[in-house]
Amino acid sequence: MEEYGTVTASFFVANEGAGPIIINEVETDCGCTSVDFVTDTLDVNQVGKIEVSYQPTSFGGAFHKEIIVRNNRNSAGDTLSLEGFNIPFPENASNYYQFKVGDLGFRFSSVNMGEVFTNSPKVKYVDFYNFKDLPITLDGGGFSLPEHINIALIPAIVPAKSRGLLAISYDGLAKDDFGFFDEEISFNIEALNPESVNLRLLTTIHEYFAPVPVSQINEVPRLGVAQVEVDFGSIPADKEVLKTITLSNSSKQEVNIRKIVSNCDCMSFSVPKYTLSPGESMDLSLTFDPSGRLGIDHKMVTIFSNDPLNPTRTIVLKSKIKP
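Residue 148 is where the sequence shown starts when you use the numbering used here, and the numbers rise one by one after that.
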(Lines of atoms letter the chains of each structure in order from A; the text may use other names.)
(Lines give C-alpha, C1' and ligand atoms only; values in the text may rest on other atoms or scores of the structure.)
Protein backbone atom coordinates (compact mmCIF):
# COMPACT_ATOMS: atom_id res chain seq x y z
CA MET A 148 0.00 0.00 0.00
CA GLU A 149 1.22 3.44 -0.93
CA GLU A 150 1.30 4.88 2.60
CA TYR A 151 3.69 2.20 3.82
CA GLY A 152 6.37 3.59 1.54
CA THR A 153 9.21 1.78 -0.17
CA VAL A 154 9.25 -2.02 -0.22
CA THR A 155 12.40 -4.06 -0.72
CA ALA A 156 13.04 -7.50 -2.23
CA SER A 157 16.33 -9.38 -1.99
CA PHE A 158 17.79 -11.56 -4.74
CA PHE A 159 20.75 -13.83 -4.05
CA VAL A 160 23.26 -14.69 -6.77
CA ALA A 161 25.78 -17.54 -6.70
CA ASN A 162 28.89 -17.84 -8.81
CA GLU A 163 28.73 -21.38 -10.17
CA GLY A 164 31.23 -20.73 -12.95
CA ALA A 165 34.91 -21.55 -13.31
CA GLY A 166 36.28 -18.10 -12.46
CA PRO A 167 35.54 -14.92 -10.51
CA ILE A 168 32.61 -12.69 -11.47
CA ILE A 169 32.12 -8.95 -11.06
CA ILE A 170 28.65 -7.41 -11.35
CA ASN A 171 29.27 -4.42 -13.60
CA GLU A 172 25.81 -2.92 -13.81
CA VAL A 173 22.23 -3.41 -12.63
CA GLU A 174 19.68 -1.61 -14.80
CA THR A 175 16.00 -0.97 -13.97
CA ASP A 176 13.17 -0.07 -16.33
CA CYS A 177 11.53 2.54 -14.09
CA GLY A 178 12.51 5.46 -11.89
CA CYS A 179 10.29 4.00 -9.18
CA THR A 180 12.76 1.13 -8.78
CA SER A 181 16.27 1.38 -7.35
CA VAL A 182 18.93 -1.23 -6.63
CA ASP A 183 21.80 -1.87 -4.26
CA PHE A 184 24.17 -4.68 -5.21
CA VAL A 185 27.43 -6.26 -4.18
CA THR A 186 30.34 -4.60 -5.97
CA ASP A 187 33.07 -6.91 -4.70
CA THR A 188 34.38 -9.76 -6.81
CA LEU A 189 32.42 -12.98 -6.38
CA ASP A 190 34.76 -15.94 -6.29
CA VAL A 191 33.67 -19.42 -7.37
CA ASN A 192 30.82 -20.73 -5.16
CA GLN A 193 30.52 -17.37 -3.41
CA VAL A 194 27.07 -15.80 -2.91
CA GLY A 195 26.17 -12.13 -3.28
CA LYS A 196 23.00 -10.12 -2.80
CA ILE A 197 21.04 -7.66 -4.93
CA GLU A 198 18.41 -5.55 -3.15
CA VAL A 199 15.64 -4.04 -5.24
CA SER A 200 13.52 -1.24 -3.75
CA TYR A 201 10.16 -0.22 -5.20
CA GLN A 202 8.49 3.08 -4.40
CA PRO A 203 4.70 2.76 -4.78
CA THR A 204 3.14 5.39 -6.99
CA SER A 205 -0.34 6.85 -7.23
CA PHE A 206 -1.13 4.43 -10.06
CA GLY A 207 -3.03 1.45 -8.73
CA GLY A 208 -3.10 -2.11 -9.95
CA ALA A 209 -0.67 -4.84 -10.84
CA PHE A 210 2.89 -3.95 -11.73
CA HIS A 211 5.77 -5.83 -13.33
CA LYS A 212 9.30 -4.46 -13.25
CA GLU A 213 12.38 -5.96 -14.87
CA ILE A 214 15.92 -5.61 -13.59
CA ILE A 215 18.85 -6.51 -15.85
CA VAL A 216 22.04 -7.69 -14.14
CA ARG A 217 25.22 -7.52 -16.23
CA ASN A 218 28.59 -8.98 -15.27
CA ASN A 219 32.04 -9.37 -16.74
CA ARG A 220 31.16 -12.77 -18.22
CA ASN A 221 27.69 -11.88 -19.53
CA SER A 222 27.35 -8.41 -21.04
CA ALA A 223 23.80 -9.13 -22.25
CA GLY A 224 22.76 -9.70 -18.66
CA ASP A 225 20.28 -11.78 -16.73
CA THR A 226 16.76 -10.53 -16.02
CA LEU A 227 15.12 -10.37 -12.60
CA SER A 228 11.40 -9.74 -12.22
CA LEU A 229 9.60 -7.78 -9.52
CA GLU A 230 5.83 -8.14 -9.43
CA GLY A 231 3.11 -6.96 -7.11
CA PHE A 232 -0.13 -5.06 -6.75
CA ASN A 233 -0.11 -1.40 -5.80
CA ILE A 234 -3.01 0.02 -3.78
CA PRO A 235 -2.87 3.84 -3.85
CA PHE A 236 -4.20 5.85 -0.95
CA PRO A 237 -7.65 7.29 -1.76
CA GLU A 238 -8.38 11.01 -1.55
CA ASN A 239 -11.48 10.31 0.53
CA ALA A 240 -11.47 7.10 2.60
CA SER A 241 -15.19 7.35 3.48
CA ASN A 242 -16.21 7.49 -0.17
CA TYR A 243 -13.71 4.88 -1.30
CA TYR A 244 -14.49 2.31 1.41
CA GLN A 245 -18.25 2.63 1.26
CA PHE A 246 -19.27 -0.83 2.44
CA LYS A 247 -19.13 -0.82 6.23
CA VAL A 248 -18.87 -3.84 8.51
CA GLY A 249 -19.02 -2.24 11.92
CA ASP A 250 -16.22 0.32 11.88
CA LEU A 251 -14.30 -1.40 9.10
CA GLY A 252 -14.74 -0.08 5.58
CA PHE A 253 -14.42 -2.26 2.49
CA ARG A 254 -14.63 -1.39 -1.20
CA PHE A 255 -17.22 -4.02 -2.04
CA SER A 256 -19.98 -5.92 -0.27
CA SER A 257 -18.36 -9.25 -1.11
CA VAL A 258 -14.90 -10.68 -1.75
CA ASN A 259 -14.50 -12.35 -5.13
CA MET A 260 -11.89 -15.08 -4.66
CA GLY A 261 -12.18 -15.96 -8.35
CA GLU A 262 -11.04 -19.37 -9.53
CA VAL A 263 -9.40 -21.64 -6.96
CA PHE A 264 -7.63 -24.86 -7.92
CA THR A 265 -7.06 -27.90 -5.74
CA ASN A 266 -3.27 -28.01 -6.08
CA SER A 267 -2.58 -25.07 -3.74
CA PRO A 268 -4.50 -22.57 -1.60
CA LYS A 269 -5.23 -19.19 -3.14
CA VAL A 270 -4.56 -16.03 -1.14
CA LYS A 271 -6.57 -12.88 -1.79
CA TYR A 272 -5.47 -9.59 -0.25
CA VAL A 273 -8.37 -7.30 0.60
CA ASP A 274 -7.68 -3.72 1.62
CA PHE A 275 -9.89 -2.08 4.23
CA TYR A 276 -9.99 1.06 6.35
CA ASN A 277 -10.14 1.09 10.14
CA PHE A 278 -12.53 3.93 10.96
CA LYS A 279 -12.17 3.28 14.68
CA ASP A 280 -10.39 5.62 17.08
CA LEU A 281 -8.51 2.57 18.33
CA PRO A 282 -6.08 0.12 16.72
CA ILE A 283 -7.41 -3.34 15.89
CA THR A 284 -5.99 -6.84 15.72
CA LEU A 285 -7.43 -10.31 15.13
CA ASP A 286 -8.94 -12.02 18.14
CA GLY A 287 -7.22 -15.40 18.04
CA GLY A 288 -9.79 -16.98 20.33
CA GLY A 289 -12.75 -15.74 18.35
CA PHE A 290 -12.33 -17.61 15.08
CA SER A 291 -15.18 -19.70 13.71
CA LEU A 292 -13.79 -20.24 10.25
CA PRO A 293 -14.32 -23.40 8.19
CA GLU A 294 -11.34 -25.71 7.70
CA HIS A 295 -10.68 -24.54 4.14
CA ILE A 296 -10.39 -20.82 4.98
CA ASN A 297 -7.74 -18.95 6.95
CA ILE A 298 -7.24 -15.23 7.49
CA ALA A 299 -4.42 -12.97 8.64
CA LEU A 300 -4.12 -9.24 9.24
CA ILE A 301 -1.37 -7.14 7.62
CA PRO A 302 0.04 -5.49 9.63
CA ALA A 303 -0.85 -7.58 12.69
CA ILE A 304 -2.04 -4.39 14.42
CA VAL A 305 -3.81 -1.85 12.22
CA PRO A 306 -3.68 1.66 13.74
CA ALA A 307 -6.75 3.85 14.15
CA LYS A 308 -7.88 5.78 11.07
CA SER A 309 -5.60 3.82 8.74
CA ARG A 310 -5.65 1.00 6.21
CA GLY A 311 -4.78 -2.64 6.49
CA LEU A 312 -4.90 -5.80 4.44
CA LEU A 313 -6.93 -8.89 5.13
CA ALA A 314 -5.13 -11.93 3.70
CA ILE A 315 -7.77 -14.58 2.96
CA SER A 316 -6.45 -18.05 2.13
CA TYR A 317 -8.86 -20.50 0.45
CA ASP A 318 -7.90 -24.17 0.18
CA GLY A 319 -9.81 -25.82 -2.66
CA LEU A 320 -8.58 -29.30 -1.74
CA ALA A 321 -9.81 -28.94 1.85
CA LYS A 322 -13.19 -27.70 0.60
CA ASP A 323 -13.52 -31.06 -1.19
CA ASP A 324 -16.08 -29.84 -3.71
CA PHE A 325 -16.30 -28.26 -7.15
CA GLY A 326 -18.19 -25.39 -8.70
CA PHE A 327 -19.42 -22.00 -7.55
CA PHE A 328 -19.82 -21.21 -3.86
CA ASP A 329 -21.31 -18.23 -2.05
CA GLU A 330 -20.14 -18.41 1.56
CA GLU A 331 -20.22 -16.17 4.60
CA ILE A 332 -17.29 -16.24 7.00
CA SER A 333 -17.19 -14.83 10.50
CA PHE A 334 -14.22 -13.84 12.67
CA ASN A 335 -13.52 -11.50 15.55
CA ILE A 336 -11.36 -8.42 15.79
CA GLU A 337 -10.06 -7.02 19.06
CA ALA A 338 -10.15 -3.30 19.83
CA LEU A 339 -11.56 -2.25 23.18
CA ASN A 340 -13.82 -5.31 23.08
CA PRO A 341 -14.10 -8.28 20.70
CA GLU A 342 -16.29 -7.57 17.67
CA SER A 343 -17.59 -9.96 15.05
CA VAL A 344 -16.91 -9.34 11.35
CA ASN A 345 -18.93 -11.12 8.67
CA LEU A 346 -17.74 -11.26 5.07
CA ARG A 347 -19.21 -12.84 1.95
CA LEU A 348 -16.87 -14.88 -0.26
CA LEU A 349 -17.57 -15.83 -3.89
CA THR A 350 -15.46 -18.70 -5.20
CA THR A 351 -15.33 -21.12 -8.13
CA ILE A 352 -13.37 -24.33 -7.44
CA HIS A 353 -11.74 -26.42 -10.16
CA GLU A 354 -9.77 -29.63 -9.89
CA TYR A 355 -6.14 -29.16 -10.86
CA PHE A 356 -4.54 -31.41 -13.45
CA ALA A 357 -0.90 -31.19 -14.47
CA PRO A 358 -0.26 -30.40 -18.15
CA VAL A 359 -0.52 -33.50 -20.34
CA PRO A 360 2.41 -34.17 -22.71
CA VAL A 361 1.41 -34.52 -26.36
CA SER A 362 2.68 -38.10 -26.30
CA GLN A 363 0.13 -39.00 -23.60
CA ILE A 364 -2.97 -37.32 -24.98
CA ASN A 365 -4.39 -40.68 -26.08
CA GLU A 366 -3.64 -42.27 -22.70
CA VAL A 367 -5.73 -40.05 -20.40
CA PRO A 368 -9.47 -40.15 -19.62
CA ARG A 369 -11.58 -38.28 -22.20
CA LEU A 370 -15.21 -37.31 -21.65
CA GLY A 371 -17.28 -36.79 -24.77
CA VAL A 372 -20.32 -34.47 -24.68
CA ALA A 373 -22.49 -34.87 -27.77
CA GLN A 374 -23.97 -31.36 -27.58
CA VAL A 375 -22.74 -28.31 -25.65
CA GLU A 376 -25.34 -25.84 -26.90
CA VAL A 377 -29.08 -26.49 -26.87
CA ASP A 378 -31.63 -24.12 -28.40
CA PHE A 379 -35.16 -24.86 -27.23
CA GLY A 380 -36.53 -22.08 -29.43
CA SER A 381 -39.83 -20.52 -28.44
CA ILE A 382 -41.44 -22.31 -25.47
CA PRO A 383 -44.52 -21.64 -23.29
CA ALA A 384 -43.94 -20.51 -19.71
CA ASP A 385 -46.28 -23.17 -18.30
CA LYS A 386 -44.64 -26.26 -19.79
CA GLU A 387 -41.41 -28.03 -18.85
CA VAL A 388 -39.02 -28.94 -21.66
CA LEU A 389 -36.74 -31.96 -21.73
CA LYS A 390 -33.44 -32.69 -23.41
CA THR A 391 -31.24 -35.77 -23.51
CA ILE A 392 -27.52 -35.46 -24.23
CA THR A 393 -25.17 -38.39 -24.72
CA LEU A 394 -22.03 -38.56 -22.58
CA SER A 395 -19.33 -40.95 -23.73
CA ASN A 396 -15.89 -42.24 -22.85
CA SER A 397 -13.69 -42.17 -25.93
CA SER A 398 -10.49 -43.10 -24.09
CA LYS A 399 -8.71 -46.16 -22.73
CA GLN A 400 -9.14 -45.01 -19.14
CA GLU A 401 -12.17 -44.88 -16.86
CA VAL A 402 -13.97 -41.53 -16.84
CA ASN A 403 -15.22 -40.35 -13.48
CA ILE A 404 -17.80 -37.58 -13.37
CA ARG A 405 -17.04 -35.69 -10.19
CA LYS A 406 -20.09 -33.46 -10.13
CA ILE A 407 -22.89 -32.00 -12.24
CA VAL A 408 -24.36 -28.62 -11.32
CA SER A 409 -26.71 -26.06 -12.85
CA ASN A 410 -26.87 -22.32 -12.29
CA CYS A 411 -30.58 -22.31 -11.52
CA ASP A 412 -33.06 -24.28 -9.43
CA CYS A 413 -35.27 -24.31 -12.53
CA MET A 414 -32.86 -26.82 -14.10
CA SER A 415 -32.84 -30.44 -12.99
CA PHE A 416 -30.76 -33.32 -14.33
CA SER A 417 -30.16 -37.03 -13.90
CA VAL A 418 -27.61 -39.62 -15.00
CA PRO A 419 -27.76 -43.38 -14.38
CA LYS A 420 -24.23 -43.39 -12.91
CA TYR A 421 -21.09 -41.28 -12.52
CA THR A 422 -18.48 -43.65 -13.99
CA LEU A 423 -17.97 -44.58 -17.63
CA SER A 424 -15.78 -47.48 -18.71
CA PRO A 425 -13.71 -47.21 -21.91
CA GLY A 426 -16.03 -47.07 -24.94
CA GLU A 427 -19.16 -46.73 -22.78
CA SER A 428 -21.84 -44.04 -23.14
CA MET A 429 -24.96 -42.92 -21.26
CA ASP A 430 -27.68 -40.27 -21.39
CA LEU A 431 -27.73 -37.06 -19.38
CA SER A 432 -31.38 -36.05 -18.93
CA LEU A 433 -32.06 -32.32 -18.52
CA THR A 434 -35.34 -30.70 -17.51
CA PHE A 435 -36.03 -26.96 -17.66
CA ASP A 436 -39.01 -25.44 -15.85
CA PRO A 437 -39.66 -21.97 -17.35
CA SER A 438 -42.53 -21.05 -15.02
CA GLY A 439 -42.29 -17.47 -13.76
CA ARG A 440 -39.95 -16.44 -16.60
CA LEU A 441 -40.43 -14.52 -19.82
CA GLY A 442 -38.26 -13.50 -22.74
CA ILE A 443 -34.81 -14.65 -23.80
CA ASP A 444 -33.29 -17.05 -21.30
CA HIS A 445 -29.91 -18.76 -20.95
CA LYS A 446 -29.14 -21.52 -18.47
CA MET A 447 -26.00 -23.57 -17.93
CA VAL A 448 -25.22 -27.07 -16.75
CA THR A 449 -21.60 -27.75 -15.79
CA ILE A 450 -19.93 -31.16 -15.69
CA PHE A 451 -16.75 -31.73 -13.67
CA SER A 452 -14.77 -34.85 -14.55
CA ASN A 453 -11.31 -36.41 -14.42
CA ASP A 454 -10.65 -35.54 -18.07
CA PRO A 455 -7.41 -33.55 -17.65
CA LEU A 456 -7.74 -31.86 -21.04
CA ASN A 457 -11.30 -30.65 -20.41
CA PRO A 458 -12.04 -31.11 -16.69
CA THR A 459 -14.92 -28.60 -16.79
CA ARG A 460 -17.55 -28.87 -19.54
CA THR A 461 -20.44 -26.44 -19.80
CA ILE A 462 -23.71 -27.03 -21.63
CA VAL A 463 -25.63 -23.86 -22.55
CA LEU A 464 -29.41 -24.07 -22.89
CA LYS A 465 -31.15 -21.22 -24.73
CA SER A 466 -34.82 -20.45 -25.03
CA LYS A 467 -37.33 -17.70 -25.68
CA ILE A 468 -40.14 -17.98 -23.16
CA LYS A 469 -43.57 -16.72 -24.18
CA PRO A 470 -46.68 -16.25 -21.99
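Note that beta-carbon positions come from the ideal geometry of N, C-alpha and C, so glycine has one too.
Treat the numbers as computed from the prediction; the structure is a model and nothing was measured.
query                                                                                                                 : result
Neighbourhood of D183 by C-beta distance below 6 Å, restricted to the same chain and skipping five residues each side : E198
Segment limits, alpha helix (DSSP H) that includes A240                                                               : 240 to 243
Own chain residues within Cβ distance below 8 Å of I116, not counting five before or after                            : Given that the chain is displayed from residue 148 to residue 470, the structure contains no residue 116 and the question cannot be resolved.
Where I336 falls, given that 16 or more other Cβ within 10 Å makes a residue buried                                   : buried
Where I364 falls: helix, strand or coil (DSSP)                                                                        : helix
Option in G261, N219, I332 with minimal Cα separation from L292                                                       : I332
DSSP three-state assignment for A209, whether helix, strand or coil                                                   : strand
Cβ neighbour criterion (16 or more within 10 Å) applied to Y317                                                       : buried
Distance between beta carbons of K212 and T153, contact taken as under 8 Å                                            : 13 Å between Cβ atoms; not a contact.
Cβ-Cβ separation, N277 to T249 (assumed contact under 8 Å), whole Å                                                   : For the sequence presented, residue 249 should be read as Gly rather than Thr. The Cβ separation is near 10 Å, so there is no contact.
Minimum C-alpha distance to F236 - residue among S438, I296, F206, P360                                               : F206
Coil, strand or helix - L320 by DSSP                                                                                  : helix
Sequence-distant residues of the same chain with beta carbon closer than 6 Å to A338, five excluded per side          : K279, L281, I283
Between the CA atoms of Q363 and R217 - distance to the nearest angstrom                                              : 41 Å
Alpha-carbon to alpha-carbon, M260 and I315                                                                           : 9 Å
C-beta atoms of T265 and V375 nearer than 8 Å                                                                         : no
Per-residue burial, G252 [other beta carbons within 10 Å of its own, 16 or more giving buried]                        : buried
F435 versus I404: straight-line alpha-carbon distance, rounded                                                        : 22 Å
6 Å Cβ shell around F379 - same chain, five flanking residues per side excluded                                       : V388, S466
Closest by C-alpha distance to F325, when choosing among T351, N410, S257, P302                                       : T351
Selected residue, minimal CA-CA separation from Y151, among P368, Q193, V191, N233                                    : N233
Reduced DSSP category for Y151 - H, G, I as helix; E, B as strand; rest coil                                          : helix
G426 (DSSP reduced to helix, strand or coil)                                                                          : coil
Burial state of F134, where buried means 16 or more other Cβ atoms lie within 10 Å                                    : In this structure the chain extends from 148 to 470, so residue 134 is not present and cannot be described.
For G166, three-class secondary structure by DSSP                                                                     : coil
Run of the beta strand (DSSP E) containing I283, from where it starts to where it stops                               : That residue, I283, is in no beta strand (DSSP E); it is neither H nor E in DSSP.
Cβ pair count under 8 Å reaching 3, the stretch 341 to 359 against the stretch 299 to 311                             : no
Limits of the beta strand (DSSP E) - the one that G261 falls within                                                   : 258 to 264
Neighbourhood of K446 by C-beta, 6 Å cutoff - its chain only, sequence neighbours within 5 removed                    : C411, M414, L464
Cα-Cα separation, I168 to I215                                                                                        : 16 Å
Candidates A156, E294, F328, of which the one nearest L229 by Cα                                                      : A156
Local Cβ density within 10 Å of F255, reported as buried at 16 or more and exposed below that                         : exposed
For G371 and S395, believed in contact at Cβ under 8 Å, the rounded distance                                          : 4 Å
Member of A161, I443, S397 whose CA lies at the smallest distance from the CA of T422                                 : S397
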